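Residue numbers (the working numbering): 1 to 595. All residues carry an ideal CB built from backbone N, CA and C; glycine is no exception. Model, not experiment: these values are computed from the prediction. Here's the structure, in structure tokens; my notes come after.
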Amino acid sequence: MSDMNANVNLFNPIYKALAESISHAIKEVYGESAAAEVSLAQIYSMLGLAPNLKMGHIAFACFPLAKALRKGPPQIAGELKEHVASCPIVADVQAQGPYLNFFIKNESLGELVIGAANSHDLFNAELFTGDEKWMIEYSQPNTHKILHVGHMRNLCLGNALVRMCRYAGINTSAVTYPGDVGTHVAKCLWYYKYHNKEAIPAEEKGAWLGQMYTKGNTLLEEQRGTEQEEENRKALTEILKQLHDQEGEFYDLWVETKAWSVELMKEAYRWTDVEFDRWFWESEVDAPSLKYAKELFDQGLLVQDQGAIGMDLSDDKLGFCLLIKTDGTGLYATKDVELARKKFKEFGVDKNIYVVDNRQAHHFKQVFKVLEKVGFEKARDCHHLQYEMVELPDGAMSSRKGNIVPLMDLVHQMENTIKENYLNKYLEANEWGQEEVEKTATMIANGAIKYGMIRVDNNRKIVFDMQEWLKLDGETGPYLQYVHARIYSLCQKLEYNDELQVNWDLLSTDSETALMVKLMDFNNVVANGVQKLQTLGVCNYLYELGKLFNSFYAECPIGKAEEELKHTRLALAHATGEVMRVGLDMLGIPAPQKM
RNA sequence: GCACCCGUAGCUCAGCUGGAUAGAGCACUCGCCUUCUAAGCGAAUGGUCGCAGGUUCGAAUCCUGCCGGGUGCGCCA
């Protein structure tokens, strides 16, 4: 996991006020020189939510101060306590062992959190200083192969990261790198031309073409060792030659069939609601990459070994990085070396992030090292963000072998299940129209699939079981969407508006307080996620927020409450809905208004 | 052989820049819809944090070794 080192702004007004108060207290109690050893930013970063509301809202652990002040943490907590009590947002502060536990005034939480969420000021906070430009490359599907649920993880992860970074104020471009050349294309076209007897379907040609690849691969395997083998090899070589020369019937066929695959990709991207600022085609870097590799060789930066050319990285324990094959053609690494240069040149980015599964870890280490060795300084701004694979219960997915779940199968089954189990009843009751059912089913399927793909740690393998995925109870995307829909409906019915008279002091139950405190933490969680390039923190946060809201909703009547309390609770509910909507959007998940 | 990843409740996972009683969901058991969406809420049950050492006032978290599972390591992408 790479740490992005962006500089965190002190964006949380409550944490900032507490940090200033603590900093001031250190100065008062221990003097200027002691205070100088601990910066405001450090204190700010040491604040966090207390384990439970009985102890406090926000906790400050004094352990890290012990060294600088040469005193025991409990003693420090005790000595600072009186001096921080005067902070205007603090209702009470308690020294509990080594911790200083703060209770924040309702008025402060109300204005700085609920009010800020409802006015959207909360979402405009500047989370990082500086104006870095990042590029995130994700979704590298091959044409002529089928898109399966494994590709969905990459798509959901990359999309969420791009959105999180953009929310955080980082200028981020999203790019894709489809593989439209290589032997897999030749195998596909070979089968399609010489062995296929099926008619080309009118629809879903991309998926069908993927089957041509799988069948081609299977047949070639079967004929290995037979008299057919030599003939097959010649045929494939001829196909590759035509593709390279960009002429002949197979080149024409490539152009035609590639479009089918691209249409499938675009269908998936439309469904997922992702857009790329740039499509880098593998075919477009093919020739230039080889040219560059030859230049490097001419400059003496590469070595020849066993007839092939590459760079010896054994000093860096990275083995030998092969860049020009014996037959004079390039490889995947050759292209990635060129692509990296192209990215920085075209976009002038400060960071170049690759969302690619962890089997490529060695590949990227080699590519970045090669770039570094040839004097490309930006090499250190390249980061491989790796994640584990999606597997089926009976093992790894392989489009080569054909044991995969097509991506659109998951989508369609999910949408159908949602309609059958939840939405069709509205249709039967004549409450919703067909179009509304369809749109909502798509939104909820988005929630279920995307949340499922990004809620676990990047390093954790996902074993995909369709039946499990179709269950939508508990910690799922639809749970979060349901919270949003409930709030939206509530605000409609009770006619929420931002000029309602509120009195924050009326929010006194545990569930109300817990919800307010949780809302306060939103931006902190996002900033942390961006720094670690992780989505699961935001997922967990939104789920916990949803749970707190549902408890509040069950325990605290709103419509029936006395006027002022009603308005105040409605403001709290609305703020939760806004945070949920913005949070879901950041994960690429739509927030339905009803479901 | 070398490198990286994983091992926490029956199952799926959080928690890992050391800190306050190890948390969820699913499954199982029991309650809650004449009241704002029950895709919900509440309660109960369930753990030698793979094993063994070490560092520390303090280790699920850091270090070392081992065990178990996965992936990668020159003419595929």
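To the nearest whole angstrom, what separates the beta carbons of residue i and residue j, a pair I think is in contact under 8 Å?
i, j, result
"residue 449", "residue 265", "Not a contact, Cβ separation roughly 17 Å."
"residue 536", "residue 464", "Contact doesn't hold; Cβ gap of about 18 Å is too wide."
"residue 312", "residue 320", "6 Å"
"residue 344", "residue 352", "7 Å"
"residue 169", "residue 112", "At roughly 20 Å, the Cβ-Cβ gap does not stay under 8 Å, so residue 169 and residue 112 are not in contact."
"residue 335", "residue 289", "5 Å"
"residue 603", "residue 567", "The structure shown does not extend to residue 603, since the chain is modelled only from 1 to 595, so the question has no answer here."
"residue 316", "residue 350", "No, residue 316 and residue 350 are not in contact; Cβ-Cβ is about 24 Å, not under 8 Å."
Return yes when the Cβ of residue j is within less than 8 Å of the Cβ of residue i, no when it is not.
i, j, result
"residue 516", "residue 572", "yes"
"residue 440", "residue 427", "no"
"residue 106", "residue 507", "yes"
"residue 212", "residue 191", "yes"
"residue 333", "residue 322", "yes"
"residue 525", "residue 541", "yes"
"residue 65", "residue 29", "no"
"residue 512", "residue 117", "no"
"residue 458", "residue 354", "no"
"residue 55", "residue 101", "yes"
"residue 276", "residue 176", "yes"
"residue 186", "residue 239", "yes"
"residue 59", "residue 99", "yes"
"residue 538", "residue 123", "no"
"residue 232", "residue 243", "no"
"residue 593", "residue 488", "yes"
"residue 584", "residue 494", "no"
According to the neighbour-count rule (16 or more other Cβ atoms, all chains shown, within 10 Å of its Cβ), is residue i buried or exposed?
i, result
"residue 11", "buried"
"residue 586", "buried"
"residue 622", "This structure leaves residue 622 out entirely; the chain is present only between 1 and 595."
"residue 72", "exposed"
"residue 306", "exposed"
"residue 226", "exposed"
"residue 595", "buried"
"residue 33", "exposed"
"residue 142", "buried"
"residue 51", "exposed"
"residue 476", "buried"
"residue 90", "buried"
"residue 419", "buried"
"residue 217", "buried"
"residue 39", "exposed"
"residue 486", "buried"
"residue 401", "exposed"
"residue 86", "exposed"
"residue 180", "buried"
Look at the alpha carbon of residue i and the alpha carbon of residue j, and state the distance between them as a whole number of angstroms.
i, j, result
"residue 154", "residue 357", "8 Å"
"residue 598", "residue 82", "Given that the chain is displayed from residue 1 to residue 595, the structure contains no residue 598 and the question cannot be resolved."
"residue 523", "residue 558", "27 Å"
"residue 445", "residue 314", "48 Å"
"residue 160", "residue 588", "6 Å"
"residue 471", "residue 411", "14 Å"
"residue 398", "residue 404", "6 Å"
"residue 5", "residue 13", "Confidence is the limiting factor: at residue 5 the pLDDT is only 49, short of 50, which leaves the residue's position unreliable and the question unanswerable from this model."
"residue 280", "residue 366", "21 Å"
"residue 35", "residue 84", "14 Å"
"residue 409", "residue 390", "15 Å"
"residue 246", "residue 200", "24 Å"
"residue 20", "residue 134", "32 Å"
"residue 97", "residue 74", "5 Å"
"residue 432", "residue 443", "15 Å"
"residue 22", "residue 16", "10 Å"
"residue 492", "residue 158", "34 Å"
"residue 270", "residue 561", "44 Å"
"residue 205", "residue 171", "37 Å"
"residue 130", "residue 580", "27 Å"
Worksheet item: What are the start and end residues of each continuous alpha helix (DSSP H) run of 4 or more residues lying completely inside the segment 262-314, in chain order?
Response: Here the runs fully enclosed are 282-298.
Worksheet item: Taking the runs of the beta strand (DSSP E) that are 3 residues or longer, which of them lie wholly in the segment 48-78?
Response: Runs of the beta strand (DSSP E) inside the segment 48-78: 58-61.
Discussion item. To test your reading of the DSSP string, which unbroken alpha helix (DSSP H) runs of 4 or more residues are found completely within the segment 144-202?
Written reply: Within the segment 144-202, the complete alpha helix (DSSP H) segments of 4 residues or longer fall at 149-167, 183-194, listed in chain order.
Worksheet entry | Runs of beta strand (DSSP E) lying entirely within the segment 84-136, each at least 3 residues, in chain order | Taking 3 residues as the minimum length, the beta strand (DSSP E) runs contained wholly in the segment 84-136 are 90-96, 99-104, in order along the chain.
Item to complete: Could I get the ranges of all uninterrupted beta strand (DSSP E) runs contained in the segment 369-400, with 3 residues as the minimum, in chain order?
Response: Secondary structure in the segment 369-400: the beta strand (DSSP E) runs of 3 residues or longer, each lying completely within the stretch, are 382-387, 390-392 in chain order.
Worksheet item: Taking the runs of the alpha helix (DSSP H) that are 4 residues or longer, which of them lie wholly in the segment 201-251?
Response: The segment 201-251 contains these whole alpha helix (DSSP H) runs: 205-222, 228-245.
Fill in: Entirely enclosed beta strand (DSSP E) segments - the segment 538-593, minimum 3 residues
Complete beta strand (DSSP E) runs here, min 3: none at all.
Worksheet entry | Length-filtered (4 minimum) alpha helix (DSSP H) runs lying within the segment 317-362 | As far as the segment 317-362 is concerned, its whole alpha helix (DSSP H) runs of at least 4 residues are 332-347.
Fill in: Segments of 4+ residues assigned as alpha helix (DSSP H) that fall wholly inside the segment 424-467
List check, alpha helix (DSSP H) in window: 424-428, 434-454.
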